[in-house]
Amino acid sequence: PLEFPPHVLEAAKKVPSAIKKTELKGRQDRRDRFIVTVDGEDAKDLDDAIYVEKINDDDYLLGVYIADVSYYVREDSVLDKEARERGTSVYLVDRVLPMLPQRLSNGICSLNAGEDRLSMACEMHIDRQGKVFGYEIFPTVINVRYRLSYNIVRAIIAGDEEMRTKYADAVPMLEMAESLRLILHEMRHRRGAVDFDLPEQKVILDAELKPIEIVQREHGDAENLIEEFMLAANETVAKHMAGREWPFVYRVHDIPNEEKMQDLAKLLANFNVKFVPGEEVKPSEIQRAIAEMEGRPESRLVTTVALRSMKQAVYQTENVGHFGLAAEYYCHFTSPIRRYPDLLVHRLLRKWMDNPLLPEAEAEKLTDKLDEYAEHSSERERAAADAERATVELKKCEYMLEHIGEEYDGVISGVTSYGMFVELPNGVEGLVHISSLMVVYYDYYEERYALVGSHTGHQYRLGDTVRIEVLQVSIEDVTVDFIMAGENAGVREHIRSQLLARQSHASATQKRRASRSAS
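Take a look at the structure:
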């Protein structure tokens, strides 16, 4: 849905825009703490804030403060039902479709600097090994000192004098935060967590929403800092609720399918990387294999295949752990403005605080309800991801319309019986159809991820660098076709006509199938 229904907007208007003193009862006051938010430059819904201090030479206090959305969005209210149906905010290439109306998401729920805000706190004591040896979860009131961006924090950590002077009072805490980040990251690495550090593309649009540039999203130390702290809070909350044996919504990631792992092993064998998955592969084994590929041209492609070999993470009430994070307990607690399961987690924490001993019959009834909400949230998450991906791919195609006939160096990102996919440095992927490899007949060898010339032995393998020319772009089909660079005009026209004929035939077949299905 692009817009909120009138009755939902009306309900949002009734939510106060400021906190009353009476609402602070039962909350610990953390307004004296030097708490900051760290987000992207253009973020407006700020639902997490952090605080770090050194307790002694060995131990840290990490405070993670999350917007107390459940206080404003009460169970089964108009706002709650709308949020539950949406399941998540959707970040399309040209707009954001929020889960909650802006009056809440950018207003009273957002942890805006200089304003008192209600939040749910998870304060953790962490030792040098990254172990959480003590924690407290409680409702609080905070007042954020600075609204920092990733760029600002990145500059401060890197030693930028201008930024360190401008935010001089924040520098000591951010330096402690960086030290703690390294400790937590090393702990997760020892545990065997798999880091799928794949580059993401961002399409830059002009005022008319026309794509003018495709850039790489930066994901450096500042982003990792917040990521590590949120992971710590999510694990702590999940472990806490599991220990209380309370109905709960976990974020789980099951063990990969053995067949998929065997396929990954075959791919790695092509690059002389040994990977022997057993019945229950460990995340550390995948981590090691990916690490062995680091620095090689095929590294990104192997990481992509490894990621696709995994099962999807989902929400559910039964805890089976999180394979990718090598975590026994995990949940989503840190983004209640943007994700409904996080809002549920906050609500469940408050229910537990109010009534730690839940009768068995009530627990069963609540679990049944949570099962339904968790499944719906997983479905909405997948739909949102598909929509986000589709709009990015569409804008990439629009961008490439302006570059037909241009040549690029790209990497073979996929090999099939009908050709090979080539990814350009800007993230655009296109197909070199096998019919365009005109001089030599090529056989497809699935286990080698290669097309091999039947007489010459020349091969195109996954990960090889090739030079291509952009032949044509179809906005309707959201596809880009490449040919090998250097083909003459006659060959180009012949290939184009073949591709058009094939697309026309495919379209006609699709229409016939649709017609038969309808009848």
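Counting in this note's numbering, the sequence shown runs from 1063 upward without gaps.
Note that beta-carbon positions come from the ideal geometry of N, C-alpha and C, so glycine has one too.
If you reduce the DSSP assignment to three classes, tell me which class A1183 lands in. Here residue 1183 is taken as the residue at index 121 of the sequence shown, counted from 1. Residue state, collapsed to three classes: strand.
Meets three-Cβ-pair contact criterion under 8 Å: the stretch 1356-1375 and the stretch 1411-1419: no
In this structure, does DSSP put K1193 in helix, strand or coil? To locate residue 1193, count along the sequence shown from 1; it is residue 131. In the structure shown, K1193 sits in coil (DSSP, three-state: anything other than H, G, I, E or B).
Can you check which of these residues, K1457, H1556, L1562, L1524, is closest to E1005 by C-alpha distance? This structure does not reach residue 1005, given that the chain is present from 1063 up to 1581, and the question cannot be answered.
When we look at the beta-carbon of I1466 and count the other beta-carbons within 10 Å, is it buried (16 or more) or exposed? For the purposes of this step, residue 1466 is taken as residue 404 along the sequence shown, with counting starting at 1. Result: exposed.
In chain order, what residues of the same chain have a beta carbon less than 6 Å from the beta carbon of R1043, not counting five sequence neighbours either side? A question about residue 1043 goes unanswered here, because the residues of the chain that appear run from 1063 up to 1581.
Take E1177 as the anchor and find which of V1194, L1293, R1207 has the nearest alpha-carbon. In the sequence shown, residue 1177 corresponds to position 115, counting from 1. With distances taken between Cα atoms, E1177 lies closest to R1207.
If we ignore side chains and look at the alpha-carbon of each, how far apart do Y1153 and M1462 end up? Walking along the sequence shown from the start, residue 1153 turns up at place 91. Walking along the sequence shown from the start, residue 1462 turns up at place 400. Their Cα atoms are separated by approximately 22 Å.
Can you give me the C-alpha to C-alpha distance between L1244 and A1220, rounded to a whole angstrom? The residue you call residue 1244 lines up with position 182 of the sequence shown. The residue you call residue 1220 lines up with position 158 of the sequence shown. Distance between the alpha carbons of L1244 and A1220: 15 Å.
Between the beta-carbon of F1310 and the beta-carbon of L1432, is there less than 9 Å? If you number the sequence shown from 1, residue 1310 lands on position 248. If you number the sequence shown from 1, residue 1432 lands on position 370. Yes. Within cutoff.
Proximal residues to A1073 (C-beta, below 6 Å), its chain only, five neighbours per side dropped: Here the question's residue 1073 lines up with position 11 in the sequence shown. Hits under 6 Å: V1140, L1141.
Would you call E1147 buried or exposed, if buried means 16 or more other Cβ atoms sit within 10 Å of its Cβ? Along the sequence shown, read from residue 1 onward, the residue named residue 1147 stands at position 85. Flag for E1147 reads exposed.
Starting from I1218, trace the beta strand (DSSP E) both ways and give me its first and last residue. As a position in the sequence shown, residue 1218 is number 156, starting the count at 1. No beta strand (DSSP E) holds I1218; the alpha helix (DSSP H) holding it covers 1212-1220.
Mind checking whether T1527 and V1473 have CB atoms under 9 Å apart? Taking the first residue of the sequence shown as position 1, residue 1527 is located at position 465. Taking the first residue of the sequence shown as position 1, residue 1473 is located at position 411. Contact: yes.
How is T1518 classed by DSSP in three states: helix, strand or coil? The residue labelled residue 1518 in the question sits at position 456 within the sequence shown. Coil, per DSSP.
Hey, is T1298's beta-carbon within less than 9 Å of any beta-carbon in chain B? Chain labels in this structure do not include chain B; a single protein chain is all it has.
Three-state class that DSSP yields for T1227 in the structure shown: If you number the sequence shown from 1, residue 1227 lands on position 165. Note: T1227 maps to helix in three-state DSSP.
Please confirm if the stretch 1117-1125 is in contact with the stretch 1181-1196, defined as three or more CB-CB distances below 8 Å between the two stretches. yes
Can you list the beta strand (DSSP E) stretches of 3 or more residues lying completely in the stretch 1238-1278, in chain order? 1263-1267, 1273-1278
Distance CB(V1256)-CB(I1348) smaller than 9 Å: Within the sequence shown, residue 1256 is the residue found at index 194, counting from 1. Within the sequence shown, residue 1348 is the residue found at index 286, counting from 1. Their beta carbons are under 9 Å apart, which means V1256 touches I1348 by this criterion.
Which residues in the same chain have their Cβ closer than 6 Å to the Cβ of F1200, if we skip the five residues on either side of it in sequence? As a first step, residue 1200 is located in the sequence shown; it is residue number 138 there, counting from the start. So the list reads Q1090, A1183, once near-sequence residues are dropped.
Other residues of its chain near I1274: CB distance less than 6 Å, five sequence neighbours each side excluded: The count along the sequence shown starts at 1 and reaches residue 1274 at position 212. The residues are I1266, D1268.
With 16 other CB atoms within 10 Å as the buried threshold, where does R1529 fall? Residue numbering aside, residue 1529 sits at position 467 when the sequence shown is read from its first letter. The residue is exposed, with fewer than 16 neighbouring Cβ atoms inside 10 Å.
Beta-carbon proximity list for Y1511, same chain, < 7 Å, skipping 5 on both sides: Position 449 of the sequence shown, counting from 1, holds the residue named residue 1511. Excluding positions up to five away in sequence, the list reads L1329, N1332, V1477, R1523, L1524.
Nearest neighbour of A1425, chosen from N1488, T1379, E1509 [CA to CA]: Position 363 of the sequence shown, counting from 1, holds the residue named residue 1425. Answer by Cα proximity: T1379.
Nearest to V1233 by alpha carbon, out of I1218, E1224, S1397, E1555? Translated into positions along the sequence shown, residue 1233 becomes position 171. Comparing Cα-Cα distances from V1233 to each of I1218, E1224, S1397, E1555, the minimum goes to I1218.
Beta strand (DSSP E) segment containing T1527, residue limits: For the purposes of this step, residue 1527 is taken as residue 465 along the sequence shown, with counting starting at 1. Start and end: 1527-1536.
Do you know offhand how far E1144's Cα is from D1404's? Taking the sequence shown and counting its residues from 1, the one referred to as residue 1144 is at position 82. Taking the sequence shown and counting its residues from 1, the one referred to as residue 1404 is at position 342. Straight-line Cα distance between these residues: approximately 15 Å.
Can you confirm whether the stretch 1321-1328 touches the stretch 1384-1398 when touching is taken to mean that 3 or more C-beta pairs between the two stretches lie within less than 8 Å? no
Taking its Cβ as the centre, do 16 or more other Cβ atoms sit within 10 Å of Y1402, making it buried, or is it exposed? Counting from 1 along the sequence shown, the entry for residue 1402 is found at position 340. Counting Cβ neighbours within 10 Å, Y1402 comes out buried, since at least 16 surround it.
If you check the beta carbons only, do S1516 and M1546 fall under 9 Å apart? Here the question's residue 1516 lines up with position 454 in the sequence shown. Here the question's residue 1546 lines up with position 484 in the sequence shown. Going by C-beta atoms, S1516 is not nearer than 9 Å to M1546.
Could you please give the first and the last residue of the uninterrupted beta strand (DSSP E) stretch that includes G1476? Looking up residue 1476 in the sequence shown gives position 414. Residues 1469-1478.
Nearest residue (CA-CA) to Q1278, options N1286, E1262, L1287: Numbered from its first residue, the sequence shown carries residue 1278 at position 216. When each option's Cα is compared against that of Q1278, the closest is E1262.
From D1539 to F1483, what does the alpha carbon distance come to, in whole angstroms? Sequence index remark: in the sequence shown, residue 1539 carries index 477 (1-based). Sequence index remark: in the sequence shown, residue 1483 carries index 421 (1-based). Between D1539 and F1483, the C-alpha separation is close to 16 Å.
Taking DSSP as the reference, what is the three-state secondary structure of F1483? Taking the sequence shown and counting its residues from 1, the one referred to as residue 1483 is at position 421. DSSP places F1483 in strand when its eight states are reduced to three.
Rank G1196, A1111, M1225, W1308 by C-alpha distance to the C-alpha of R1209 and give the top, closest one. On the sequence shown, residue 1209 is found 147 positions in, with the first residue counted as 1. The shortest C-alpha separation from R1209 is found at A1111.
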